[in-house]
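Everything in the sequence shown is counted per numbering that gives the first Met the number 0, starting at 0 for the first residue and increasing by one. Everything below concerns the one structure shown next.
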Amino acid sequence: MVYDLTEGQLNGPADKATVDGLSTNLGVALPKDYVEFLKAHNGGEGFIGDNYIIFWQAEELADFNREYEVATYAPGILLFASDGGGEGFGFDTEDAAMPIVRIPFIGMDRDYATPIARDLPDLFARLAD
Numbered sequence: 000m001v002y003d004l005t006e007g008q009l010n011g012p013a014d015k016a017t018v019d020g021l022s023t024n025l026g027v028a029l030p031k032d033y034v035e036f037l038k039a040h041n042g043g044e045g046f047i048g049d050n051y052i053i054f055w056q057a058e059e060l061a062d063f064n065r066e067y068e069v070a071t072y073a074p075g076i077l078l079f080a081s082d083g084g085g086e087g088f089g090f091d092t093e094d095a096a097m098p099i100v101r102i103p104f105i106g107m108d109r110d111y112a113t114p115i116a117r118d119l120p121d122l123f124a125r126l127a128d
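Below, the structure written as structure tokens:
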């Protein structure tokens, strides 16, 4: 899968050892398409259609999820990106399919997590529309 931003830039590949240990470090098996994305692009930011997105680097995932206290306010969500404003994008790890949800940072609560895509390719397609 080729991931393209309308405007902006995706980074080069993440360190292989970092990606290989990520699921263990985070305590969750990451979706295969997301692992492949990190192997090609360790984060980056820009527009997909009219939507701005900042993909976090592999090394930042644990820290950002801890700093946003996701485990406390939205257990079962693993954030991997933000819109550069008030919302994050994450995987719903309590669903076996691990769909991508959008969730507000302010007043973060699992109840406010809105499913927006089946997987990473679907997220790119939906944001491009």
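Idealized CB from N, CA, C, for every residue including glycine.
The region 92-103 makes no contact with the region 48-61, as fewer than three CB pairs between them are under 8 Å. By the C-beta criterion, the region 7-22 is judged to be in contact with the region 38-54, since at least 3 inter-stretch pairs fall below 8 Å. Rounded to whole angstroms, the Cβ separation of Y72 and M107 is 4 Å, and the two are in contact under 8 Å. At a Cβ-Cβ threshold of 8 Å, I102 and A112 count as neighbours. Looking at the backbone, the Cα of G83 and that of L4 are separated by about 15 Å. G26 and D128 have their C-alpha atoms roughly 33 Å apart. Membership of P103 in the beta strand (DSSP E) is indicated by the continuous run 99-103.
Excluding five sequence positions before and after L77, the CB atoms of its chain that fall closer than 7 Å to its own CB belong to L25, V27, N64, G89, F90, T92, given in chain order. In this chain, the beta strand (DSSP E) harbouring T113 covers 113-116.
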